[in-house]
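Residues in the sequence shown are numbered consecutively from 118, following my numbering.
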Amino acid sequence: MAQTNPQPGFIITNTGDTVRGTIDFRTNEILSRKCVFWANGESEGKTYAPGDIFSFRFEHNGKYFVTRRLDLGDGPQLYFAEFLVQGLMNLYCVADTYDEHFFFEREDGEMARLTNRALITSSSIQDEKEHFQEKREQFGKVKVLLSDSWKAVEDMDAADLSRKRLVRAVRDYHDEVCTDGSSCMIYEYKEESDKFKTHLKAFAGYAYYSHERTVFQILDENYYGSAFDIGLGVVTDIERIMRGGSLELAVAYSPKARFEHDVMVSGGIEPSHTAYERSRVTISIGAGKTFGMGKIQPLVRGGGFYVLHYGNRETRYYLDKMIVDKTWGKTAHFGAYLGAGVQMAVGKHSARLVGDLYKSIDISGQGNMAKWSLTAEFVL
118 MAQTNPQPGF IITNTGDTVR GTIDFRTNEI LSRKCVFWAN GESEGKTYAP
168 GDIFSFRFEH NGKYFVTRRL DLGDGPQLYF AEFLVQGLMN LYCVADTYDE
218 HFFFEREDGE MARLTNRALI TSSSIQDEKE HFQEKREQFG KVKVLLSDSW
268 KAVEDMDAAD LSRKRLVRAV RDYHDEVCTD GSSCMIYEYK EESDKFKTHL
318 KAFAGYAYYS HERTVFQILD ENYYGSAFDI GLGVVTDIER IMRGGSLELA
368 VAYSPKARFE HDVMVSGGIE PSHTAYERSR VTISIGAGKT FGMGKIQPLV
418 RGGGFYVLHY GNRETRYYLD KMIVDKTWGK TAHFGAYLGA GVQMAVGKHS
468 ARLVGDLYKS IDISGQGNMA KWSLTAEFVL
């Protein structure tokens, strides 16, 4: 079994034994249904389903999951429920596709469910009405469960179903109801721990362009223009979905560049000399993946792009006389890109050297542009 996103942790067996090792840190939805675990010193891992073990937890006070039989709306089933708060009122969470189901459990065993539904799960007006009615009924039951603490009830806000808000309500319930002065145990409520990590990147590179449009024609592949690129972007890790995976968004700017060529016209005495000038802004969005676990890792990436050309100008001289001096409006291309290179760890950051090929889709008669680039990137 391949470790997608290995993190140190431990499992607690049904007999109460603690076994330390490595757990595959995936999305909350995946973790609610399975725990892939490698015990220390073992080369092969084992996949546990809810009920096979009592619980598992990531080290450094990380996420904590326990086996619980819960009803998400389709009847009671065993899940690895994320344990958020333990006290006179327990709070659990089970992620199900796009939705999150929170379970409030009072010390006497009475339980209420509160579902935080994502917008994507409402495909019709009827769905919206049903979800609104469901939410109103669930809020009523949760507030009844919390009714021994007016502060906890006031914490509940139908417009804010964040983990932080719900944890605060359960904590306030415990603090008001508890008579022995004990504190509840908060295992995990930092919402940023569920978010993908995003990094800023800066880059610079050099590129060749071909098949571009001029004021009079589309140049063939024998004519190349070159330009420097500088830019900024963001890289979002998706390790919990795909090992070494990332999503990337970048904006590049190419200062005004000039490329020239000579052409012998029919019946001419000497070649005419033509120069083209333009600036560029390129927006790209795509995905990347690194391979291996070493300090230097191979990298592949791909996605789509949109490039805007502006400041277009063409000048032509024949026998030292300017015979063309034309400017024209903005031109644009969009298409796909593929790239490969290497990524090297630099402390907590990384540096990349990547070669990319951009190829446009010509549906506007502006030329089937191609771009070859070599880019150096630094990811913070």
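Glycine included, C-beta positions come from ideal geometry on N, C-alpha and C.
Do residue j and residue i count as a contact pair if the criterion is CB distance below 8 Å?
| i | j | result |
| --- | --- | --- |
| Val-284 | Val-202 | yes |
| His-466 | Phe-495 | yes |
| Gly-126 | Gly-179 | yes |
| Ala-321 | Asp-354 | no |
| Tyr-181 | Arg-174 | yes |
| Gly-362 | Lys-406 | yes |
| Arg-433 | His-390 | yes |
| Arg-288 | Ile-303 | yes |
Please report the straight-line C-alpha distance between residue i and residue j, rounded to a whole angstrom.
| i | j | result |
| --- | --- | --- |
| Ala-198 | His-218 | 10 Å |
| Asp-297 | Gly-204 | 12 Å |
| Phe-376 | Tyr-370 | 17 Å |
| Thr-238 | Glu-247 | 11 Å |
| Leu-187 | Arg-137 | 27 Å |
| Trp-489 | Gly-456 | 10 Å |
| Thr-135 | Val-183 | 13 Å |
| Val-424 | Leu-148 | 41 Å |
| Ser-264 | Ala-156 | 44 Å |
| Ile-478 | Leu-436 | 38 Å |
| Leu-195 | Gln-243 | 30 Å |
Compare the C-alpha of residue i against each of the options and name the closest.
| i | options | result |
| --- | --- | --- |
| Val-459 | His-450, Val-471, His-466 | Val-471 |
| Asn-207 | Asp-216, Leu-195, Phe-220 | Phe-220 |
| Thr-399 | Arg-433, Ala-392, Ala-449, Gly-362 | Ala-449 |
| Gly-162 | Thr-214, Thr-139, Arg-174, Ser-300 | Thr-139 |
| Leu-236 | Met-228, Glu-245, Ala-229, Arg-230 | Glu-245 |
| Asp-213 | Ala-229, Arg-418, Glu-227, Arg-234 | Arg-234 |
| Ala-374 | Arg-357, Ala-392, Ile-386 | Ala-392 |
| Phe-171 | Leu-189, Glu-159, Lys-151, Ser-160 | Lys-151 |
Should residue i go down as buried or exposed, given a rule of 16 or more other Cβ atoms within 10 Å for buried?
| i | result |
| --- | --- |
| Asn-122 | buried |
| Gly-257 | exposed |
| Tyr-209 | buried |
| Thr-132 | exposed |
In the DSSP assignment, the beta strand (DSSP E) including residue i goes from what residue to what residue?
| i | result |
| --- | --- |
| His-291 | Here His-291 belongs to no beta strand (DSSP E); instead the alpha helix (DSSP H) covers 280–294. |
| Phe-137 | Per the sequence shown, residue 137 should be read as Arg rather than Phe. Per DSSP, Arg-137 belongs to the beta strand (DSSP E) from 135–141. |
| Asn-122 | It is not in any beta strand (DSSP E) - Asn-122 carries neither H nor E in the DSSP assignment. |
| Ala-344 | 342–354 |
I need the boundaries of the alpha helix (DSSP H) containing residue i, first residue and last residue.
| i | result |
| --- | --- |
| Asp-191 | Per DSSP, Asp-191 belongs to no alpha helix (DSSP H) and is neither H nor E. |
| Gly-452 | Per DSSP, Gly-452 belongs to no alpha helix (DSSP H); it is in the beta strand (DSSP E), 448–463. |
| Ala-468 | From DSSP, Ala-468 is part of no alpha helix (DSSP H) but of the beta strand (DSSP E) over 466–477. |
| Ala-269 | 267–272 |
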